[in-house]
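If you're matching positions, the sequence shown starts at 310 in the working numbering and goes up one per residue.
Every residue, glycine too, gets a C-beta built ideally from N, C-alpha and C.
Predicted model, so just to flag it, every value in this text is computed and none were measured.
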Amino acid sequence: MTNIKDIAKKAGVSTAAVSIALHGGSGRKRVSSERAEQIRRIASSLNYRPNSAARMMTSNKTRQIGVLLRNAPDIPMRNPANFETILGIGEVLSGAGYLQVLVPLSRIENEISRSNRVFSERLLDGIIVMDVHSSRLYAFVRRNFRHSIFLDTNCWNKFSCLRRDERKSGALAAEALKRSGYKKIIYVGPGRGQSPHYSVLERFEGVNEVLGTADGVAFETEEVNGAEYLENLKLHLSRETGIICYDTLIARTVHSHLSQSGLVPPRDYGLACCDDSHETYLTFPMLSRVDFNRYEMGKLAAEMIVGSMESKKRPPSRLFDVSWIPGGTIKSKG
Numbered sequence: 310m311t312n313i314k315d316i317a318k319k320a321g322v323s324t325a326a327v328s329i330a331l332h333g334g335s336g337r338k339r340v341s342s343e344r345a346e347q348i349r350r351i352a353s354s355l356n357y358r359p360n361s362a363a364r365m366m367t368s369n370k371t372r373q374i375g376v377l378l379r380n381a382p383d384i385p386m387r388n389p390a391n392f393e394t395i396l397g398i399g400e401v402l403s404g405a406g407y408l409q410v411l412v413p414l415s416r417i418e419n420e421i422s423r424s425n426r427v428f429s430e431r432l433l434d435g436i437i438v439m440d441v442h443s444s445r446l447y448a449f450v451r452r453n454f455r456h457s458i459f460l461d462t463n464c465w466n467k468f469s470c471l472r473r474d475e476r477k478s479g480a481l482a483a484e485a486l487k488r489s490g491y492k493k494i495i496y497v498g499p500g501r502g503q504s505p506h507y508s509v510l511e512r513f514e515g516v517n518e519v520l521g522t523a524d525g526v527a528f529e530t531e532e533v534n535g536a537e538y539l540e541n542l543k544l545h546l547s548r549e550t551g552i553i554c555y556d557t558l559i560a561r562t563v564h565s566h567l568s569q570s571g572l573v574p575p576r577d578y579g580l581a582c583c584d585d586s587h588e589t590y591l592t593f594p595m596l597s598r599v600d601f602n603r604y605e606m607g608k609l610a611a612e613m614i615v616g617s618m619e620s621k622k623r624p625p626s627r628l629f630d631v632s633w634i635p636g637g638t639i640k641s642k643g
C-alpha cells in the first residue's frame with residue numbers, strides 16, 4: 310500500500326511537504342501551488358489513499374459534521390420532510406470537504422447520560438441540531454461542541470440558530486384569504502400546549518395578528534383531535550369560508566375528507582396552508598400555500614457551520630424567509 314514516504318521519494322521532496330500538499334495544515338510552512346499539484350499527480354498515479362485516522366492525528370480534525378435528529382421508538386418515521394433538509398446540508402458539506410454523519414437519538418436524556426461514542430470520542434468537528442429536543446440537550450451541545458448550529462429547533466439565541474420565519478408564514482396565509490374576500494376563516498392546527506415545536510405557536514400568532522382584529526371577518530380555530538374536527542369543519546362550511554391549515558398533512562386530510570362529500574376548493578370553500586414540501590410540489594401543486602424550501606435551508610445551515618469553523622466565529626442567527634404560492638384552492642380576489 311502506497312504511503313507518504315513513497316510519494317516523497319518519487320517527488321524528491323520531504324514527507325512534510327507531501328503532507329502539506331495533500332492535507333494542508335494551518336501554521337505550517339507552505340508548498341508552492343506548482344509543487345503541490347505535482348505531488349497530487351504523483352499520489353494519484355500511485356493510487357494513494359489517505360489514512361483518515363492518521364490525518365486526524367496530524368490536523369486534530371475529523372472533517373465530520375454531525376446532524377442530530379429525533380428518532381423516538383413511538384414515532385420512528387418522524388417528519389420525513391427532514392430528508393429534504395439533510396440533502397441540502399450534505400451538498401454543501403461534501404463540497405467543502407466534510408462528511409455528514411447522521412446522529413439519531415431516541416431517548417434524549419438516556420443518550421446524554423451514558424457514554425455515546427459520537428460524544429465521548431470526539432468524532433465530530435461540529436454538529437447541526439434539528440427538530441424538537443429537551444433544553445438539557447441544547448445545553449449539552451453548546452457545552453461540548455465549539456461549532457454547532459441549531460436548525461429549525463426551539464432553541465433561539467443571538468448566534469448559531471437558523472429557523473423558518475413561521476410568524477410570517479401564518480400571516481401570509483391569513484392575508485391571502487382575507488384579500489380573497491372570505492367572511493369566515495378557520496385556522497386548523499395542533500394544540501399549543503406542552504412545549505410544542507415553535508412553529509405551532511408562531512404560525513398561529515401570525516394568523517391571529519392578521520385576523521384577530523380584522524373587520525368583516527369571523528375568525529375561528531379548530532384543534533386537530535382525531536376525526537372530530539373534520540366533522541366540525543363540514544358542518545360549518547360555506548362558499549364564504551376559508552380554511553388555513555398548519556401543515557401539509559392537515560391540508561391533505563381536510564381536502565380528502567371534504568372531497569368525499571363532494572366539497573372541493575375553491576368552488577365550495579377556500580383552502581390555504583402555512584407549510585410546503587417537495588412532495589407537495591409534485592403531488593398537490595394546486596394547493597395555495599406558503600413556500601418552505603427545506604433543501605435551501607439545509608444548505609444555508611451547512612454554510613453557517615462551515616463558515617464558523619473557518620472563521621472561528623459564531624455566525625449570527627437568521628430567519629429563513631418565505632413567500633406566498635397562489636396555487637388554485639382559494640378564490641380569486643373579489
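For residue i, which residues in the same chain have their Cβ closer than 7 Å to its Cβ, ignoring the five residues on either side in sequence?
i: G336; result: Residue placement at G336 is flagged as unreliable, the pLDDT there being 49, under the threshold of 50; the coordinate-derived value follows with that caveat. Cβ within range, chain order: n/a, list empty.
i: Y357; result: T311 and I316
i: C470; result: F459, C464 and S626
i: M595; result: G636, G637 and T638
Going by beta carbon distance, what residues of the same chain come within less than 6 Å of residue i, once the five residues before and after it are set aside?
i: A320; result: I348 and I351
i: S444; result: none
i: T550; result: K493 and Y578
i: Y496; result: V516, T530 and I553
i: V615; result: A405
i: L411; result: V376
i: E511; result: E475 and R476
By the DSSP assignment, the alpha helix (DSSP H) with residue i in it spans what residues?
i: A320; result: I313 to A320
i: I436; result: Segment G435 to M439 is the beta strand (DSSP E) holding I436; no alpha helix (DSSP H) there.
i: V573; result: First-last for V573: undefined, no H or E at that position.
i: L520; result: Y507 to L520
i: V450; result: S444 to N453
i: L396; result: N391 to G404
i: L654; result: There is no way to answer for residue 654, as the model of the chain reaches only from 310 to 643.
i: L486; result: E475 to R488
i: Y590; result: H587 to T592
i: M618; result: R603 to S620
Give the straight-line distance between the Cα atoms of residue i and residue j, rounded to the nearest whole angstrom.
i: E529; j: I553; result: 10 Å
i: S354; j: S342; result: 18 Å
i: K318; j: L414; result: 47 Å
i: I639; j: G406; result: 46 Å
i: S424; j: D556; result: With a pLDDT of 47 at S424, under the threshold of 50, the modelled position of this residue cannot be trusted, and the question is left open.
i: S565; j: V599; result: 20 Å
i: A482; j: D461; result: 20 Å
i: I634; j: R379; result: 30 Å
i: D584; j: L558; result: 9 Å
i: L546; j: M613; result: 46 Å
i: N534; j: L580; result: 19 Å
i: F593; j: I329; result: 52 Å
i: E400; j: K608; result: 7 Å
i: A448; j: T371; result: 23 Å
i: K621; j: K467; result: 16 Å
Quick one: give me the first and last residue of the beta strand (DSSP E) that residue i is part of.
i: V327; result: Careful: V327 lies outside any beta strand (DSSP E), inside the alpha helix (DSSP H) at T324 to H332.
i: F528; result: A527 to E532
i: K493; result: K493 to G498
i: L460; result: S457 to L460
i: S597; result: S597 to V599
Only counting the same chain, and skipping five residues up and downstream in sequence, which positions put a Cβ closer than 8 Å to that of residue i?
i: W465; result: F459, R472, Y507 and S626
i: S570; result: K543
i: A480; result: G515, V516, E518 and V519
i: S617; result: G435, H456, I458, S469, R623 and P624
From the DSSP secondary-structure annotation, give me the bridge partner or partners of residue i.
i: Q409; result: I374
i: A581; result: I553 and S597
i: P625; result: F468
Helix, strand or coil for residue i? Go by DSSP, reduced to three states.
i: V631; result: coil
i: G551; result: strand
i: L432; result: coil
i: L355; result: coil
Is there at least one non-hydrogen atom of the ligand MN closer than 8 Å to the beta-carbon of residue i?
i: G616; result: The ligand content of the structure shown is nil, which means the ligand MN is not present either.
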